[in-house]
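In the numbering used here, the protein residues as written are 182 to 347. First the structure, in the form of structure tokens, and then the observations on it.
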Amino acid sequence: MYCTNCGTSNEPGTQFCTNCGSPLSAVSGAPQNDPAKASSPPPAPMPQPSQPPQYQQQSQYQQPQYQQPPYQQPGYQQQPYDPAAKSKLVAGLLGIFVGWLGVHRFYLGYNNIAMAQLACGVVGLVLSPFTCGLILIGASVWGLVDGIMILTGSIRTDAYGKPLRD
Numbered sequence: 182m183y184c185t186n187c188g189t190s191n192e193p194g195t196q197f198c199t200n201c202g203s204p205l206s207a208v209s210g211a212p213q214n215d216p217a218k219a220s221s222p223p224p225a226p227m228p229q230p231s232q233p234p235q236y237q238q239q240s241q242y243q244q245p246q247y248q249q250p251p252y253q254q255p256g257y258q259q260q261p262y263d264p265a266a267k268s269k270l271v272a273g274l275l276g277i278f279v280g281w282l283g284v285h286r287f288y289l290g291y292n293n294i295a296m297a298q299l300a301c302g303v304v305g306l307v308l309s310p311f312t313c314g315l316i317l318i319g320a321s322v323w324g325l326v327d328g329i330m331i332l333t334g335s336i337r338t339d340a341y342g343k344p345l346r347d
């Protein structure tokens with residue numbers, strides 16, 4: 182006698198398949214289908230839940246393998262290096278040490294602000310005997326603050342919108 186569900190050969194007279202637990206029907210079919218249907222609900226649900234977790238576990242092991250390559254791709258997009266990009270470190274150090282002359286702003290391409298800082302620095306230097314260096318101190322503080330802002334990342338791009346490199 183063969184199981185209609187899985188095709189396994191069973192001994193004659195057996196009511197349920199020894200492989201999958203499905204009810205077996207005889208050749209006549211009508212008399213034995215009613216007892217099999219009446220007795221099939223208790224044994225049939227037991228084997229069926231045990232098989233789907235095996236398939237689910239196999240699919241769970243395969244899913245992480247297919248999910249890992251998309252996570253690796255964004256790393257390749259971030260590696261291009263722009264040699265023409267201005268250095269954040271150079272701009273910050275120029276701002277700290279010679280910021281009163283606006284050199285760091287010239288370096289980043291902000292020429293109008295650089296001219297204003299240069300004018301304040303030169304005027305402050307010329308008038309320092311008369312102003313006790315207050316204008317020069319103000320221009321120096323302006324350059325120092327600019328340099329710190331560049332190094333901390335508050336200023337992230339040059340005048341052309343290109344990001345500063347580390």
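Ideal Cβ positions, reconstructed from N, Cα and C, are used throughout, including at glycine.
So for P310, helix, strand or coil by DSSP? Here residue 310 refers to the residue found at position 129 of the sequence shown. Reduced to three states, the DSSP call for P310 is helix.
CA-to-CA distance, D263 to G314, given in whole angstroms: Within the sequence shown, the letter at position 133 stands for residue 314. Within the sequence shown, the letter at position 82 stands for residue 263. Answer to the nearest angstrom: the Cα atoms are 41 Å apart.
Considering only their Cβ atoms, is the gap separating G290 from L332 smaller than 8 Å? Residue mapping note: residue 332 aligns to position 151 of the sequence shown, counting from 1. Residue mapping note: residue 290 aligns to position 109 of the sequence shown, counting from 1. For the 8 Å CB-CB criterion, L332 and G290 do not form a contact.
Which of the three DSSP states is assigned to T333 in this structure? On the sequence shown, position 152 is the one that residue 333 refers to. Reduced to three states, the DSSP call for T333 is helix.
For S203, does the three-state DSSP call read helix, strand or coil? Reading the sequence shown from its first residue, position 22 is the one you call residue 203. Correct three-state label for S203: coil.
Check for me: the alpha helix (DSSP H) holding R286 runs from which residue to which? Locating residue 286 in the sequence shown gives position 105, where the first residue counts as 1. R286 -> alpha helix (DSSP H) spans 284 to 289.
Below 8 Å between beta carbons: does that hold for L325 and R337? The sequence position of residue 325 within the sequence shown is 144, counting from 1. The sequence position of residue 337 within the sequence shown is 156, counting from 1. For L325 and R337, no; Cβs fall outside 8 Å.
Since Y183 sits in a beta bridge, which residues does DSSP pair it with? Taking the first residue of the sequence shown as 1, we reach residue 183 at position 2. Looking at the DSSP assignment, Y183 forms a beta bridge with S190.
Supposed contact pair A320 and C281 - C-beta distance, whole angstroms, cut 8 Å: Here residue 281 refers to the residue found at position 100 of the sequence shown. Here residue 320 refers to the residue found at position 139 of the sequence shown. The identity of residue 281 in the sequence shown is Trp, whereas the question assumes Cys. Contact between W281 and A320 holds: CB atoms are separated by about 4 Å, below the 8 Å threshold.
Just the C-alpha distance for N292 and D347, rounded to the nearest angstrom, thanks. Here residue 292 refers to the residue found at position 111 of the sequence shown. Here residue 347 refers to the residue found at position 166 of the sequence shown. N292 and D347: Cα-Cα distance of roughly 22 Å.
Taking L299 as the reference, give the member of S309, F287, P310 with the closest Cα. As a first step, residue 299 must be located in the sequence shown, where it is residue number 118. Among S309, F287, P310, the Cα nearest to that of L299 belongs to F287.
Using a Cβ-Cβ cutoff of less than 8 Å, which residues in the same chain neighbour N186 once the five nearest sequence positions on both sides are dropped? For the purposes of this step, residue 186 is taken as the residue at position 5 of the sequence shown. The residues are C198, C201, S203.
Rounded separation between N191 and M182 - CA only: On the sequence shown, position 10 is the one that residue 191 refers to. On the sequence shown, position 1 is the one that residue 182 refers to. The straight-line gap separating the alpha-carbon atoms of N191 and M182 is approximately 5 Å.
Between which two residues does the alpha helix (DSSP H) holding L270 run? Working through the sequence shown from its first residue, we reach residue 270 at position 89. First-last of the alpha helix (DSSP H) with L270: 269 to 279.
Kindly give me the distance between the Cβ atoms of I277 and G328, rounded to whole angstroms, as I take these residues to be in contact under 8 Å. Here residue 277 refers to the residue found at position 96 when the sequence shown is read from its first residue. Here residue 328 refers to the residue found at position 147 when the sequence shown is read from its first residue. Right, the Cβ-Cβ distance comes to about 4 Å (below 8 Å), so this counts as a contact.
Would you tell me roughly how many angstroms separate the C-alpha atoms of C184 and G194, rounded to the nearest one? Within the sequence shown, residue 184 is the residue found at index 3, counting from 1. Within the sequence shown, residue 194 is the residue found at index 13, counting from 1. C184 and G194 have their C-alpha atoms roughly 12 Å apart.
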